[in-house]
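A.B. asks:
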Amino acid sequence: KISEYLFEKVSSNYTIHADFCPAVSGDIDGSGAADLGDAISVLRILADIKLENQTIFVCTDLNGDGRIGIEEVLYILQKVAGLREFDAIMGLRILAGIEAGDPEILKAADINGDGQIGIEEVIYFIQKMSGIRE
3 KISEYLFEKV SSNYTIHADF CPAVSGDIDG SGAADLGDAI SVLRILADIK LENQTIFVCT
63 DLNGDGRIGI EEVLYILQKV AGLREFDAIM GLRILAGIEA GDPEILKAAD INGDGQIGIE
123 EVIYFIQKMS GIRE
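This note's numbering applies: residue 3 is where the sequence shown begins, and numbers increase by one.
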């Protein structure tokens, strides 16, 4: 569980200083709130893009599988950005290169007109759907 810590072995005397704050589901950057920036960070992680801040907080792993994945980004997009499940899933499908079913949506998401949908275009698309600008 997130709030439990287990020390199996202490080989020397150590002083450990730790600040504990309440965990917020979906909060990747430790700001104390899950927001669109956290959703964008998860999308970047899924796309294997290096984050500026490499610290990922344990409360990001919502389903406890030890990974940051689709379930976490869907949660953040739905609960924080206010997207409907359909819109959040469509953004992820576009990112994954899966046919979304509507060529007009794919055309609208291809901001730079190169015929491919990149992570930055998906982020823009999601921000546009949610009405939030980061």
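By construction, the Cβ of each residue, glycine as well, lies at the ideal position given by its N, Cα and C atoms.
#1: Is the separation between the beta-carbon of S27 and that of Y77 shorter than 8 Å?
#2: Would you tell me roughly how many angstroms separate the C-alpha atoms of E136 and G66, rounded to the nearest one?
#3: Classify R86 as helix, strand or coil using the three-state DSSP reduction.
#4: Helix, strand or coil, according to DSSP, for G120 in the structure here?
#5: Distance check for E106 and A35, CA to CA, integer angstroms please.
#6: Give the straight-line distance between the Cα atoms of D116 and K109, rounded to the nearest whole angstrom.
#7: For D31 and L79, I'd like the C-alpha separation in whole angstroms.
#8: Between which residues of its own chain and E87 is the CB-CB distance below 8 Å, once the five residues before and five after are set aside?
C.D. replies: In short, the structure shows the following:
#1: Here residue 27 refers to the residue found at position 25 when the sequence shown is read from its first residue. Here residue 77 refers to the residue found at position 75 when the sequence shown is read from its first residue. It is a contact, given that the beta carbons lie within the stated cut-off.
#2: Counted from its first residue, the sequence shown places residue 136 at position 134. Counted from its first residue, the sequence shown places residue 66 at position 64. Any answer about E136 is weak, because its pLDDT of 49 lies below 50 and its placement is not dependable; what the coordinates show is given next. Going from the Cα of E136 to the Cα of G66 covers about 28 Å.
#3: The residue labelled residue 86 in the question sits at position 84 within the sequence shown. If DSSP states are grouped into helix, strand and coil, R86 belongs with coil.
#4: Numbered from its first residue, the sequence shown carries residue 120 at position 118. Coil.
#5: Here the question's residue 35 lines up with position 33 in the sequence shown. Here the question's residue 106 lines up with position 104 in the sequence shown. Straight-line Cα distance between these residues: approximately 34 Å.
#6: In the sequence shown, counting from the first residue as 1, residue 116 sits at position 114. In the sequence shown, counting from the first residue as 1, residue 109 sits at position 107. Going from the Cα of D116 to the Cα of K109 covers about 10 Å.
#7: As a working mapping, residue 31 is identified with position 29 in the sequence shown. As a working mapping, residue 79 is identified with position 77 in the sequence shown. One C-alpha to the other measures close to 15 Å.
#8: Counting from one through the sequence shown, the residue named residue 87 turns up at place 85. Closer than 8 Å at Cβ, skipping near neighbours: L76, Q80.
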